[in-house]
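Colleague:
2 protein chains.
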Amino acid sequence: MPDRSAAPRASVAQLVEAARAGRPRAVARLISLVEDGAPELREVAAALAPHTGGARVVGLTGAPGVGKSTTTSALVGALRSRGERVGVLAVDPSSPFTGGAILGDRVRMQEHALDEGVFIRSMSSRGELGGLAAATPQAVRILDAAGCDTVLVETVGVGQAEVAIASLADTTVVLTAPGMGDAIQAVKAGVLEIADVFVVNKADRDGADAAARDLRGMLALARREPYEWRPPVLRCVASTGDGLDELVESLDKHRAHLAEHGELARRRAARAAAEVRAIATGQLSRRLDELSPAASATALAERVVAGELDPYAAADTLVHTLTGR
Amino acid sequence: MPDRSAAPRASVAQLVEAARAGRPRAVARLISLVEDGAPELREVAAALAPHTGGARVVGLTGAPGVGKSTTTSALVGALRSRGERVGVLAVDPSSPFTGGAILGDRVRMQEHALDEGVFIRSMSSRGELGGLAAATPQAVRILDAAGCDTVLVETVGVGQAEVAIASLADTTVVLTAPGMGDAIQAVKAGVLEIADVFVVNKADRDGADAAARDLRGMLALARREPYEWRPPVLRCVASTGDGLDELVESLDKHRAHLAEHGELARRRAARAAAEVRAIATGQLSRRLDELSPAASATALAERVVAGELDPYAAADTLVHTLTGR
Numbered sequence: 664m665p666d667r668s669a670a671p672r673a674s675v676a677q678l679v680e681a682a683r684a685g686r687p688r689a690v691a692r693l694i695s696l697v698e699d700g701a702p703e704l705r706e707v708a709a710a711l712a713p714h715t716g717g718a719r720v721v722g723l724t725g726a727p728g729v730g731k732s733t734t735t736s737a738l739v740g741a742l743r744s745r746g747e748r749v750g751v752l753a754v755d756p757s758s759p760f761t762g763g764a765i766l767g768d769r770v771r772m773q774e775h776a777l778d779e780g781v782f783i784r785s786m787s788s789r790g791e792l793g794g795l796a797a798a799t800p801q802a803v804r805i806l807d808a809a810g811c812d813t814v815l816v817e818t819v820g821v822g823q824a825e826v827a828i829a830s831l832a833d834t835t836v837v838l839t840a841p842g843m844g845d846a847i848q849a850v851k852a853g854v855l856e857i858a859d860v861f862v863v864n865k866a867d868r869d870g871a872d873a874a875a876r877d878l879r880g881m882l883a884l885a886r887r888e889p890y891e892w893r894p895p896v897l898r899c900v901a902s903t904g905d906g907l908d909e910l911v912e913s914l915d916k917h918r919a920h921l922a923e924h925g926e927l928a929r930r931r932a933a934r935a936a937a938e939v940r941a942i943a944t945g946q947l948s949r950r951l952d953e954l955s956p957a958a959s960a961t962a963l964a965e966r967v968v969a970g971e972l973d974p975y976a977a978a979d980t981l982v983h984t985l986t987g988r
Numbered sequence: 664m665p666d667r668s669a670a671p672r673a674s675v676a677q678l679v680e681a682a683r684a685g686r687p688r689a690v691a692r693l694i695s696l697v698e699d700g701a702p703e704l705r706e707v708a709a710a711l712a713p714h715t716g717g718a719r720v721v722g723l724t725g726a727p728g729v730g731k732s733t734t735t736s737a738l739v740g741a742l743r744s745r746g747e748r749v750g751v752l753a754v755d756p757s758s759p760f761t762g763g764a765i766l767g768d769r770v771r772m773q774e775h776a777l778d779e780g781v782f783i784r785s786m787s788s789r790g791e792l793g794g795l796a797a798a799t800p801q802a803v804r805i806l807d808a809a810g811c812d813t814v815l816v817e818t819v820g821v822g823q824a825e826v827a828i829a830s831l832a833d834t835t836v837v838l839t840a841p842g843m844g845d846a847i848q849a850v851k852a853g854v855l856e857i858a859d860v861f862v863v864n865k866a867d868r869d870g871a872d873a874a875a876r877d878l879r880g881m882l883a884l885a886r887r888e889p890y891e892w893r894p895p896v897l898r899c900v901a902s903t904g905d906g907l908d909e910l911v912e913s914l915d916k917h918r919a920h921l922a923e924h925g926e927l928a929r930r931r932a933a934r935a936a937a938e939v940r941a942i943a944t945g946q947l948s949r950r951l952d953e954l955s956p957a958a959s960a961t962a963l964a965e966r967v968v969a970g971e972l973d974p975y976a977a978a979d980t981l982v983h984t985l986t987g988r
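Residue numbers (the working numbering), protein chains in the order written: chain A, 664 to 988; chain B, 664 to 988.
1. Distance check for Met786 of chain A and Val836 of chain B, CA to CA, integer angstroms please.
2. Would the segment 735-747 of chain A and the segment 796-815 of chain A be scored as touching if the rule is three or more Cβ pairs under 8 Å?
3. Return the first residue and the last residue of the beta strand (DSSP E) that Val690 of chain B is part of.
4. Leaving out the 5 sequence neighbours to the left and right, which residues in its chain are closer than 6 Å to Thr761 of chain A when beta-carbon positions are compared?
5. Kindly list, in the order they appear in chain B, the residues whose Cβ is closer than 9 Å to that of Pro889 of chain A.
6. Across which residues does DSSP place Ile783 of chain A in a beta bridge pair?
7. Would a C-beta distance cut-off of 7 Å place Val896 of chain B and Phe861 of chain B closer than the cut-off?
8. List, from N- to C-terminal side, the beta strand (DSSP E) runs of 3 residues or more that fit wholly inside the segment 898-928 of chain A.
9. How would you list, in chain order, the residues of chain A whose beta-carbon sits under 8 Å from the beta-carbon of Gln946 of chain B?
10. Determine the DSSP secondary structure at Leu954 of chain A, reduced to helix, strand or coil.
11. Could you tell me which of B:Arg966, B:Val781, B:Leu696, B:Cys899 sits nearest to Pro687 of chain B, measuring between CA atoms?
12. Which residue or residues does DSSP assign as beta-bridge partners of Glu817 of chain B?
13. Any beta-carbon of chain A closer than 7 Å to the one on Thr961 of chain B?
14. Just list the residues that DSSP pairs Thr834 of chain A with in beta bridges.
15. Just by C-beta distance, which residues in the segment 924-957 of chain B are closer than 9 Å to chain A?
16. Quick check on Ala849 of chain A: buried or exposed, where buried means 16 or more other Cβ atoms within 10 Å of its Cβ?
17. Taking Cβ positions, are Val675 of chain A and Glu706 of chain A nearer each other than 7 Å?
18. Terminal residues of the continuous alpha helix (DSSP H) containing Val739 of chain B?
19. Exposed or buried, Asp859 of chain B, counting other C-beta atoms within 10 Å across all chains shown (16 or more means buried)?
20. When the Cα of Thr839 of chain A is compared with those of A:Leu831, A:Ala832, A:Ala866, which residue comes out closest?
21. Would the beta-carbon of Gly906 of chain B be found less than 6 Å away from any heavy atom of the ligand FAD?
22. Mapping the DSSP letters down to three states, classify Thr961 of chain A as helix, strand or coil.
23. Less than 7 Å between the C-beta atoms of Gly907 of chain A and Ala737 of chain A, yes or no?
24. For Leu696 of chain A, tell me which candidate among A:Thr724, A:His775, A:Ile805, A:Gly945 has the shortest Cα-Cα distance.
25. Does any CB atom of chain B fall closer than 7 Å to the CB of Pro894 of chain A?
26. Using a cut-off of 7 Å between C-beta atoms, extract the partners of Val967 of chain B located in chain A.
27. Would you tell me roughly how many angstroms separate the C-alpha atoms of Gly870 of chain B and Arg879 of chain B, rounded to the nearest one?
28. Would you tell me roughly how many angstroms separate the C-alpha atoms of Arg930 of chain A and Asp833 of chain A, rounded to the nearest one?
29. Taking all protein chains shown into account, do 16 or more other C-beta atoms lie within 10 angstroms of the C-beta of Ala684 of chain A, making it buried, or fewer, making it exposed?
30. Near Pro956 of chain A, which residues of its chain fall below 7 Å by C-beta distance, leaving aside the five closest residues on each side in sequence?
31. Any idea what DSSP makes of Thr839 of chain A, helix, strand or coil?
32. Can you check whether the C-beta of Ala849 of chain A is within less than 7 Å of a C-beta belonging to chain B?
33. So Gln946 of chain A and Val939 of chain B are supposed to be a Cβ contact under 8 Å. How far apart are they, rounded?
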């Protein structure tokens, strides 16, 4: 990651211009601004707005240990070999407190570190619940504006946070691997509903057949209209590249399917609406924090603890103070 | 779970009265009302308010497979044997879409199913992000009002959701087990900061010593003032009851420590404030959804997709519409 303090400060307009020209340091600085929730963030967003929408966004998710980083890295290689510019955001929503997320096997990505056609960035939650959900779409926009053909967003698949982040993607790839517990456990975090492509990674191991079969069995139970996309279940060995061509092919097919059925525009509109709502909710939440001490949640909570007020009545008071209604 | 439709509808006041008398069906109905976000919810909250604050709330969290259900069940047994009335909420925040969470080993709790001094309830997320975070504290209040001496809240430890739910507790127990990956992975979800008691469960297995050592090593790195609580690292075999006495003893000690240092009141005030904020944020979020189509996030999102508006400017518009500022 570039040193953020080495060069004199550039203006937001200069940074956006440099990022659009594909300069990695400018891209990195812009992402830092949005990740930090810096004051310049609004200016960044405004400057980016006319230059986005070109990139395909692919989400990769799965439980720890399924080989997300290895698969992402292999995908980067495959996309680079056909000349694409690729952005990677490795998002770890699971560490709300420590600020420094322990991102698994970043070392796997090193092989692409010197490739000028690849931008790689790790993002972790910096304390604020929902902060990552707001920052990640902005980071995608930056990579998009920087001319990436594909942006890969890799998240640990463990709960609601990454489901929210996966909803960023045009296409969501859900990874599993043999020996990760049964397939139902592996997909319990609601990912069945968000998956466009399933990958059984480490498919050279015992249990790969069973895992693929279980997934296909579950998918067969889901009701789908004839025109609806049916998520394929692929087998890969990302570490050797086996099955990668099929994965790339499935991504292309899904993208074509989305475009053909008007679904791409629908997904992107829904994504933008969710993004706007998340930012607005964050702003409202901050306004709650900025209420005078006497009108604050803390003051009301004292009355709740004393049994004088129930939490819903307290919340009504808070909302009324904020909105006048 | 009792059949909710078998008897004629009781009023909220009657239900609260019956719950306070310890009648399980009334308790179950009230929890259903808050879980469903029923209109009666506010009335329930208001009726409960004067009757809460008596219960000790203990959170248990840990990754899938560490033996949370077995440990919870063993704890129920230990607390029952000294005459406590015990409530159990098994919360699964990891399934935002399916509505029906796959709650691991509920069968472990069956031994307490006929015990009138034990209330057991599973709660799952019913779609709304944050819905569980709002409903769980209410369910705790119901069990509290129903005369539970201890309420155990068991959650899958995988992300921000359960960290939020763990913040419900007076005392949070974080479980791990040998063979769940290294201890650092096991506690990566920010749980190091929320743990008051660590339990290495399945301590009869290989690797228990190493897991306990790793945890103690990490704890030794944390800066703590001399008067601060130092989380013990216990070893248990919940399935045989080994180590359970020490766990109960640690819970009692922690509770005494909290009371002694004024921390119990502080935690409960912070908990109530978070609860009020969560409800208020949910209300504000619903009001965003209720804006007229022309002023809605969806309408603004169309302009974002078109590159005419950036998402922050769109969010400003939304917030202004709602608050007049």
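For every residue, glycine included, the Cβ atom is placed at its ideal position computed from N, Cα and C.
Modeller: By the coordinates alone:
1. 29 Å
2. yes
3. Careful: Val690 of chain B lies outside any beta strand (DSSP E), inside the alpha helix (DSSP H) at 687-698.
4. For Thr761 of chain A, the predicted model reports a pLDDT of 32, less than 50, meaning its position is unreliable; a value from the coordinates is still stated below. Nothing listed; no residue qualifies.
5. None at all; the shortest Cβ gap to chain B is about 23 Å.
6. A:Val751
7. yes
8. none
9. Ala978, Asp979, Val982
10. coil
11. B:Val781
12. B:Leu723, B:Ala753
13. yes
14. A:Val721
15. Ala928, Arg931, Ala932, Ala933, Arg934, Ala935, Ala936, Ala937, Glu938, Val939, Arg940, Ala941, Ile942, Ala943, Thr944, Gly945, Gln946, Leu947, Ser948, Arg950, Leu951, Asp952
16. Confidence at Ala849 of chain A is low in this model, with a pLDDT of 47, below 50, so its placement is unreliable and no value can be given for it.
17. yes
18. 731-744
19. buried
20. A:Ala866
21. Ligands are entirely absent from the displayed structure, and the ligand FAD is therefore not among its contents.
22. helix
23. In the sequence under discussion, the amino acid at residue 907 of chain A is Leu, which differs from the Gly named in the question. Contact flag set, yes.
24. A:Ile805
25. no
26. Ala935, Val939
27. 14 Å
28. 7 Å
29. exposed
30. Ala962
31. strand
32. Note that Ala849 of chain A has pLDDT 47, beneath the 50 cutoff, so the model's placement of it is unreliable and the number below is only indicative. False, the Cβ-Cβ gap to chain B never drops below 7 Å.
33. Not quite, the Cβ-Cβ distance comes to about 19 Å (not below 8 Å), so this is no contact.
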